[in-house]
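Structure first, then comments.
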Amino acid sequence: MARNKITPKKLARKRARRSTRRGDDSNSGARPGLQTQVTGAGLWDVTSVGGTATVAAIRGQTAVVLRDAGFGERAVNNLKTEDYPDGAVPGDRVEIEINDGAGRIVSIGPRRSKLVRLRAEHGRMALAKEHVIAANIDVAVIVASTTSPPFRARLIDRYLVMCQYGGVEPVICVNKIDLQQPDDAALAIYTDLGVTWTAVSAETGEGMDRLQALLQSKTAVLAGHSGVGKSSIINALTGERSLQVGAVGTDRRGQHTTGSSTMVEWSPDSLLIDTPGIRSLGLWDIDAQTLGWYFPEFADHLSGCRYRDCTHDREPDCAIRVATDAGHIARARFDSYLRMLRE
Ligand code: GDP
Ligand code: ZN
Numbered sequence: 003m004a005r006n007k008i009t010p011k012k013l014a015r016k017r018a019r020r021s022t023r024r025g026d027d028s029n030s031g032a033r034p035g036l037q038t039q040v041t042g043a044g045l046w047d048v049t050s051v052g053g054t055a056t057v058a059a060i061r062g063q064t065a066v067v068l069r070d071a072g073f074g075e076r077a078v079n080n081l082k083t084e085d086y087p088d089g090a091v092p093g094d095r096v097e098i099e100i101n102d103g104a105g106r107i108v109s110i111g112p113r114r115s116k117l118v119r120l121r122a123e124h125g126r127m128a129l130a131k132e133h134v135i136a137a138n139i140d141v142a143v144i145v146a147s148t149t150s151p152p153f154r155a156r157l158i159d160r161y162l163v164m165c166q167y168g169g170v171e172p173v174i175c176v177n178k179i180d181l182q183q184p185d186d187a188a189l190a191i192y193t194d195l196g197v198t199w200t201a202v203s204a205e206t207g208e209g210m211d212r213l214q215a216l217l218q219s220k221t222a223v224l225a226g227h228s229g230v231g232k233s234s235i236i237n238a239l240t241g242e243r244s245l246q247v248g249a250v251g252t253d254r255r256g257q258h259t260t261g262s263s264t265m266v267e268w269s270p271d272s273l274l275i276d277t278p279g280i281r282s283l284g285l286w287d288i289d290a291q292t293l294g295w296y297f298p299e300f301a302d303h304l305s306g307c308r309y310r311d312c313t314h315d316r317e318p319d320c321a322i323r324v325a326t327d328a329g330h331i332a333r334a335r336f337d338s339y340l341r342m343l344r345e
């Protein structure tokens, strides 16, 4: 339980080297309504030689890290290398070195998964660069709502492509079941794809225990359209047990400060990373020839297309179209695919 003794504290706005202030129990960066443990015991020791930590948030050239074994959080200088041109990102496991009170990241561990945004250069995907937004995420919770805003399967499909690309397990969470029942027919498609989905009401708490169980001992992010209830779910999920890191500069919903992100450890080893970059995922491009690869149900049919670079749009003898017409691929998914392709 040592990891629970994290002391959320105000981060020094100045440089990292000046940030270690023993006995600073200031809690002004925490979200209102979240009860945080302020013990004063978990503060990072200035004499420490460093250690292993997890990146909670990035602010410019500075990374806010949560150190292992309950040593608390602190700001350190980020590291950019050839292998990691974006530097460390939330979720990264890093080695820290501290000299004269100044901390810096000296190495970034291998990433077992990543959420990326792909950006075409001059409109050409061949030159696309991937921008890593978060690393080592176990689960991406794709949040949708039954109503207000209306359920949008296309958006879910888009996030599923990102998960497939980055090696992150998706869980679809349909919120606001207190207002309307979920669309079982629409969700059956995801059951067939082997994607877990769960229905909740952040408002009444219904279904939250199952979501909690799905995220236990994992590092998770929440993604989804604005207004579907991501903040409400995070609050309902983490409740008062949560300890959060890197909250300085964010408002209650963590949304209005550019580049802000938070990490909440809501039970030992259970982390929720909330970053605006993930929230707005979906504004990406993927190569027309490879988009189909991220639809797992296409895989069995791809070899049947006449053209190797078939985009399954208007090409003759397209096996994906045939499979869709035959009912082996859900029409709604194929429509999502075409929609993404033509953007
Ligand atoms: P976000 O933009 O995805 O973070 O969404 P919010 O958490 O800010 O929620 C948007 C609105 O939906 C707020 O007014 C919430 O009170 C409301 N809301 C969130 N979850 C539920 C729910 O389960 N049921 C109902 N009825 N309203 C909800
Ligand atoms: Zn085809």
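Going from the sequence shown to my numbering is simple: count from 1 and add 2. Yeah, the Cβ is synthetic: ideal placement off N, Cα and C, and Gly gets one too.
Check your understanding: Any heavy atom of the ligand GDP within a distance shorter than 7 Å of the CB on N79?
Key -> no
**Study point:** Counted within 10 angstroms of its Cβ, other Cβ atoms place E75 as buried (16 or more) or exposed
**Key:** Around the C-beta of E75, 16 or more other C-beta atoms lie within 10 Å, and the residue is accordingly described as buried.
**Study point:** Whole-number beta carbon distance between R113 and N79, since they are thought to touch under 8 Å
**Key:** Going by Cβ atoms, the distance from N79 to R113 rounds to 20 Å, so no, they are not a contact pair.
Exercise for review: Determine, using beta-carbon pairs with one atom in the segment 221-228 and one in the segment 192-203, whether at least three such pairs fall under 8 Å.
Suggested key: no
Practice item. Return the Cβ separation of D159 and R335 in integer angstroms, given the expectation that the two are a contact with Cβ distance under 8 Å. Key: 6 Å
Review point. For the candidate residues E208, N138, N237, whose alpha-carbon lies nearest to that of A222?
Key: Nearest option by C-alpha distance: N138.
Exercise for review: State the Cα-Cα distance for the pair C320 and I331, rounded to the nearest angstrom.
Suggested key: Spanning the two alpha carbons is a distance of roughly 13 Å.
Practice item. Grab me the residues of Q291's own chain with a C-beta within less than 6 Å of its C-beta, minus the 5 sequence neighbours each way, in chain order. Key: D311
Point to revise | Distance cut-off 7 Å: I139 Cβ against heavy atoms of the ligand ZN | key: No, the Cβ of I139 stays beyond 7 Å of every heavy atom of the ligand ZN.
Check your understanding: Along the chain, where does the beta strand (DSSP E) that runs through I107 open and close?
Key -> 104-110
Check your understanding: Under 7 Å from any heavy atom of the ligand ZN, does the C-beta of E299 make it?
Key -> no
Check your understanding: Can you find a heavy atom of the ligand ZN that lies under 7 Å from the Cβ of H330?
Key -> no
Practice item. Taking only heavy atoms of the ligand GDP into account, decide whether any of them is closer than 7 Å to the Cβ of D185. Key: no
Check your understanding: Between which two residues does the alpha helix (DSSP H) containing T240 stretch?
Key -> Residues 232-240.
Check your understanding: Out of curiosity, what's the CA-to-CA distance linking S30 and G62?
Key -> Confidence in S30 is poor, its pLDDT being 33 and thus under 50, which makes the residue's placement unreliable; the coordinate value appears in the next sentence. Cα-Cα distance, rounded: 21 Å.
**Study point:** Distance CB(I179)-CB(G207) smaller than 8 Å
**Key:** The answer is no: Cβ separation not under 8 Å.
Exercise for review: Please classify G251: is it buried, with 16 or more other beta-carbons within 10 angstroms of its beta-carbon, or exposed?
Suggested key: Annotation note: pLDDT 43 at G251 (below 50); position unreliable, coordinate value reported separately. The residue in question, G251, is buried, as its Cβ has 16 or more Cβ neighbours within 10 Å.
Exercise for review: Would you tell me roughly how many angstroms separate the C-alpha atoms of D102 and A77, rounded to the nearest one?
Suggested key: Their Cα atoms are separated by approximately 14 Å.
Review point. Thinking C-alpha only, which one of G169, E132, G53 is nearest V96?
Key: Nearest C-alpha to V96: G53.
Practice item. Determine the direct distance from the alpha carbon of G111 to that of V83, and round the result to whole angstroms. Key: Checking the sequence, you will find Thr at residue 83 rather than Val. Counting only the Cα atoms, G111 lies some 12 Å from T83.
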